[in-house]
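Structure first, commentary second.
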Amino acid sequence: MMQANSNAGWTLVTGATGGLGGALVARLLADGRRVIATARRPELLDAHQGSGLLRTLSLDLSDPAAIADARNSVAEIVKGDRLSGLVNMAGIIVEGPLEAVPVSELRRQLDVNVIGPFALAQALLPLLKGSRGTIVNIGAISAHITIPFYGPIAASKAGLAALNDAMRLEFGPYGIKVFLIEPGAMKTGIFSTSRAARDATLAKSPELDQRYRPALAAMDRSFEKSGADDPAVVVNAVMAALAGGKVKPRMVVGKGTRALMLLSHLPDRLRDRLVKNALGLGSALKSTT
Ligand SMILES: NC(=O)c1ccc[n+]([C@@H]2O[C@H](COP(=O)([O-])OP(=O)(O)OC[C@H]3O[C@@H](n4cnc5c(N)ncnc54)[C@H](OP(=O)(O)O)[C@@H]3O)[C@@H](O)[C@H]2O)c1
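The numbering used here applies: residue 311 is where the sequence shown begins, and numbers increase by one.
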């Protein structure tokens, strides 16, 4: 049984079954921190059991009743101790041509990535006030620069960034620290999941599939070429935020993000041209018209 880092309190991590959430939970446990790991299927978290520092909860962020239940369960778990951190890691990508994206999928995107994390932070606010704790939201570089076929995820991360800034300003007076980590591409399963869902949607509209396929194939190729970073890059940034040192409240992390931030400041039409060329979409997008 691992020695608990007794001063640290409990840290709640959503999306604990995911690539980044799983890596974070493993790091926190290795550091001797107490963790409440949430997931839609918490039975998948068994690999982390055994340290004696872990409690798991079932939580679907798109379900308001589940968030209310989670608040009660968390209060029970941390009784006599404190909830010192909330890491809103869970998230999904809805991708595909806007012409084909079901509006219900856009709603799900915003529900899971924007409304869920905010609702959870609001529900846990009394506990976080009591501990003068830390909230870490996980955004994405797409909050700064939108690329074709990734409109829904970009809208969600831009929305989350705005709420994050408002939380930082409004919760700061309670002694709560609020951070936003905005990663570039990381090596997890998130893109293969979103790509499979995109292709399943398009398979129902063969005409749209045929029209957009060259552009989507060019985009997929350019993503594969540009590669992705190790989840440790995000884990390190979250750990720095939780440690409460002098770190920026908004951290953009991962390779290639510096160039993307520069692009984001360019005039719109110039940026559009450069983005399309960089993604190999110059002629492919024209062929959709
Ligand atoms: N990977 C990247 O390149 C990248 C880049 C920038 C930002 N991010 C952000 O980093 C975070 C983690 O991404 P990841 O790469 O680790 O993705 P991932 O491996 O696909 O994991 C996503 C996690 O979110 C959970 N989730 C999905 N829908 C949920 C719902 N309705 N309620 C509760 N949990 C739900 C998943 O749980 P289930 O097992 O139940 O599906 C899973 O644990 C996300 O917010 C993502 O936007 C990732």
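Here a beta-carbon is modelled for each residue, glycine too, at the ideal position from N, C-alpha and C.
*Taking 8 Å as the cut-off, decide whether the C-beta atoms of G566 and M496 are in contact.*
no
*Measure the alpha-carbon distance for R583 versus S574 and round it to whole angstroms.*
12 Å
*Which residues does DSSP pair with R344 in a beta bridge?*
W320
*For the stretch 472–488 against the stretch 426–442, are there 3 or more C-beta pairs whose distance is under 8 Å?*
yes
*Note down, in chain order, each residue of its chain lying with its Cβ closer than 6 Å to the Cβ of R581, except the 5 sequence neighbours on either side.*
L573
_Using C-beta distances below 8 Å, list every residue in its chain close to L518, excluding the 5 sequence neighbours before and after it, in chain order._
P407, E409, A410 and L512
*M477 vs A550 beta-carbon contact at 8 Å*: no
*asked:* Looking only at its chain, what residues have a beta carbon closer than 6 Å to the beta carbon of K467, apart from the 5 residues adjacent to it on each side?
replied: G449, A450, S452 and A453
*Can you tell which of Y484, G555, A357 and R521 has the C-alpha that lies nearest to the C-alpha of A594?*
R521
*Using 7 Å as the cut-off, classify the Cβ of D530 as near or not near the heavy atoms of ligand 1, replying yes or no.*
no
_Short Cβ contact (8 Å threshold) for G332 with T324_ = no
_Can you tell me whether M549 sits near ligand 1, meaning its C-beta is under 7 Å from at least one heavy atom of the ligand?_
no
*Start and end of the beta strand (DSSP E) containing E407?*
Correcting the residue identity first, residue 407 is Pro in this sequence and not Glu. From DSSP, P407 is part of no beta strand (DSSP E); its letter is neither H nor E.
_Whole-angstrom distance between G592 and K586, CA atom to CA atom_ = 5 Å
*asked:* Rounded to the nearest angstrom, what separates W320 and V345 at their Cα positions?
replied: 5 Å
*Among P559, A588 and P577, the one whose alpha carbon lies nearest that of A525*: A588
*Which residues in the same chain have their Cβ closer than 8 Å to the Cβ of D370, if we skip the five residues on either side of it in sequence?*
R350 and A376
*Should T503 be listed as close to ligand 1, given that the test is whether its C-beta is under 7 Å from any heavy atom?*
yes
*For L364, which residues from the same chain have a beta carbon less than 7 Å from its beta carbon, with the 5 sequence-adjacent residues on both sides left out?*
L339, V345, A347 and H358
*Can you round the beta-carbon distance between V422 and E415 to whole angstroms, since I take them to be within the 8 Å contact cut?*
Not quite, the Cβ-Cβ distance comes to about 11 Å (not below 8 Å), so this is no contact.
*Less than 8 Å separating the beta-carbons of P541 and G329?*
yes
*Grouping DSSP H, G and I as helix and E and B as strand, with all else coil, what is M571?*
helix
*Delimiting residues of the beta strand (DSSP E) encompassing R560*: R560 to V563
*Given a cut-off of 8 Å, decide if A318 and S441 are closer than it, judged by their beta-carbon atoms.*
no
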